[in-house]
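Everything in the sequence shown is counted per the working numbering, starting at 407 for the first residue and increasing by one.
Notes for the one structure printed next.
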Amino acid sequence: MNAIVMDQLSEEVRQESPWTMMFADDIVICSESREQVEENLERWRFALERRGMKVSRSKTEYMCVNEREGSGTVRLQGEEVKKVQEFKYLGSTVQSNGECGKEI
């Protein structure tokens, strides 16, 4: 049931962000630049809030893979989003160096 609801809520955003992965209430946004991440994050925030849902600021994180841009931040409504070196998604740990070697 949750998948059906998320599909309906996110249909318009997914069309503009083809590299988005979703499972239950988790969303992974993949983009080539921080600017694109911020734009896509804002689209998701707007689409979800318009339907009575919200993006959890405390659970929102970003990671740069094979970073070339130097230091920088991602912001959501003016607030800095936490940067991480790895994250776990569907049981796999993805690392900022592009590896997935920490799986058990």
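Don't be surprised by glycine CBs; every beta carbon is placed ideally from N, CA and C.
Measure the C-alpha to C-alpha separation of residue i and residue j and round it to an integer number of angstroms.
i      : j      : result
Glu467 : Glu445 : 15 Å
Thr479 : Leu496 : 25 Å
Thr499 : Val434 : 13 Å
Arg457 : Ser502 : 33 Å
Thr426 : Lys488 : 19 Å
Asp432 : Ala453 : 15 Å
For residue i, which of the options has the nearest alpha-carbon?
i      : options                           : result
Val461 : Lys494, Val471, Cys506 and Glu448 : Glu448
Ser437 : Arg457, Asp431 and Val471         : Val471
Glu485 : Gln442, Asp431 and Arg463         : Arg463
Throw me the rounded Cβ distance for the residue i and residue j pair, which I believe falls under 8 Å.
i      : j      : result
Phe493 : Met469 : 6 Å
Where DSSP assigns a beta bridge to residue i, which residues make up the other side?
i      : result
Ser498 : Tyr495
Extract the residue ranges of the alpha helix (DSSP H) inside the segment 422 to 494, only unbroken runs of 4 or more that lie entirely within it. With a minimum length of 4 residues, the continuous alpha helix (DSSP H) runs that stay inside the segment 422 to 494 are 440 to 456.
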